[in-house]
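**Student:** Following this message is one structure expressed as structure tokens.
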Amino acid sequence: MDELTHAKRVLEAVLLSAREPLPLEEIVKVFDPPVPTETVRLLLADLGAEWKERASCELVQVASGYRFQTKAEMQMHLDRLAPEKPPKYSRAVMETLAIIAYRQPA
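Position one of the sequence shown corresponds to residue 1465 (this note's numbering), numbered consecutively onward.
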């Protein structure tokens, strides 16, 4: 395995295991020996293109960094796995909200 292929696999592993988006500055710190920032950018673009061909996930850049996420068309299937339930409020909370709504400024 050549050096760039290994670096791309390391990058993939780091992004898949991250709990939150990783900024480029943090990603660069992972490599030892160091990999230039521009090379990491190119590897990210290449990795993104590889994952774009896959059916369910993609590599995206968000405001706080890079992350893997499921594609939007998969959301319907994921919702079946863990459907989002509306919050249940106690009677006391509902009474408080009713009073606030009743007394709000006109």
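From the three backbone atoms N, C-alpha and C, an ideal C-beta is built for every residue, glycine too.
With a floor of 3 residues, list each beta strand (DSSP E) that falls wholly inside the region 1476-1564, ordered by position along the chain.
**Tutor:** Listed in chain order, they are 1521-1526, 1529-1534.
**Student:** For Leu1499, which of Arg1531, Phe1532, Pro1485, Thr1469 has the nearest alpha-carbon?
**Tutor:** Correcting the residue type first, residue 1499 is Val in the shown sequence and not Leu. Selected option, being the one with the closest Cα: Thr1469.
**Student:** Confirm, please, whether the CB-CB distance from Leu1506 to Tyr1530 is below 8 Å.
**Tutor:** It is not a contact, given that the beta carbons lie outside the stated cut-off.
**Student:** Under 8 Å, with one C-beta from each stretch per pair, do the region 1559-1569 and the region 1535-1548 reach the 3-pair mark?
**Tutor:** No: fewer than three Cβ pairs fall under 8 Å.
**Student:** Taking the beta carbon of Lys1472 as the centre, do at least 16 other beta carbons fall within 10 Å, making it buried, or is it exposed?
**Tutor:** Buried, since its Cβ has 16 or more Cβ neighbours within 10 Å.
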